[in-house]
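Novice: For the sequence shown, the residue numbers in our numbering are 636 to 744. Quick one: this structure, given as structure tokens, is what I'll be asking you about.
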Amino acid sequence: MSFVTPTLLQVLPTVHLILGLLLAAWSLMFLMRIVLTWYPKADSNSGVWAVVIWLTEPVLAITRRVVAPIGGVDVTPVIWLGLVSLVRELLVGQQGVLSQILMRSQAIA
Numbered sequence: 636m637s638f639v640t641p642t643l644l645q646v647l648p649t650v651h652l653i654l655g656l657l658l659a660a661w662s663l664m665f666l667m668r669i670v671l672t673w674y675p676k677a678d679s680n681s682g683v684w685a686v687v688i689w690l691t692e693p694v695l696a697i698t699r700r701v702v703a704p705i706g707g708v709d710v711t712p713v714i715w716l717g718l719v720s721l722v723r724e725l726l727v728g729q730q731g732v733l734s735q736i737l738m739r740s741q742a743i744a
């Protein structure tokens with residue numbers, strides 16, 4: 636673990652927490668987009684839906700160019716939910732890279 640510097644060890648708990656919260660929030664937003672696809676007549680221009688759509692639509696629009704709807708159903712939110720969940724688990728999950736570095740640095744200290 637030669638790439639782990641003392642400065643990195645000082646900021647790692649904060650980075651771990653912020654990254655975990657951001658990835659969890661993004662997962663929740665994609666989950667909300669999945670629910671929104673169940674109600675196509677819902678008003679998506681008001682309330683929390685507008686914020687969720689504003690934050691997720693850029694990546695979903697790019698993905699829609701590659702992945703066409705299946706049976707008329709937009710599956711891109713499901714794809715992104717899976718990707719974000721995977722990245723979250725790989726980085727800040729119980730066996731994630733940042734979690735392991737954090738645990739080892741605490742064990743050494």
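The beta carbon of each residue, even a glycine, is placed where N, CA and C say it ideally should be. Given the structure is predicted, the values throughout are model-derived calculations rather than measurements.
Alpha helix (DSSP H) containing Ile-697: first to last residue?
Specialist: First-last of the alpha helix (DSSP H) with Ile-697: 682-701.
Novice: For Arg-739, I'd like the list of residues in its chain whose CB is within less than 6 angstroms of its CB, leaving aside the five on either flank, ordered along the chain.
Specialist: None.
Novice: Determine the burial state of Trp-661: buried for a count of at least 16 other Cβ atoms within 10 Å of its Cβ, exposed for fewer.
Specialist: Buried is the call here.
Novice: Closest to Leu-716 by CA distance: which of Val-694, Val-732 and Pro-704 is it?
Specialist: When each option's Cα is compared against that of Leu-716, the closest is Val-694.
Novice: Just verifying my parser: in three-state terms, what is the DSSP assignment at Val-710?
Specialist: If DSSP states are grouped into helix, strand and coil, Val-710 belongs with coil.
Novice: Rounded to a whole number of angstroms, what is the C-alpha to C-alpha distance between Leu-725 and Ile-743?
Specialist: Leu-725 and Ile-743: Cα-Cα distance of roughly 23 angstroms.
Novice: Determine the burial state of Arg-747: buried for a count of at least 16 other Cβ atoms within 10 Å of its Cβ, exposed for fewer.
Specialist: Residue 747 lies beyond the range of the chain shown here (636 to 744); nothing can be said about it.
Novice: Just tell me which of Leu-690, Glu-692, Trp-673 and Ala-659 has its CA closest to the CA of Val-722.
Specialist: Nearest of Leu-690, Glu-692, Trp-673 and Ala-659 to Val-722, Cα basis: Ala-659.
Novice: Could you pull the start and end residues of the alpha helix (DSSP H) that Ala-659 belongs to?
Specialist: That run of the alpha helix (DSSP H) goes 641-673.
Novice: Under the rule that 16 or more other beta-carbon atoms within 10 Å means buried, what is Pro-648, buried or exposed?
Specialist: Classification of Pro-648: exposed, given that the 10 Å Cβ count is below 16.
Novice: Taking 8 angstroms as the limit between beta carbons, can you name the residues of its chain near Ile-698, skipping five residues before and five after?
Specialist: Per the sequence presented here, residue 698 reads as Thr, with Ile not at that position. The answer, listed in chain order, is Thr-711, Ile-714 and Trp-715.
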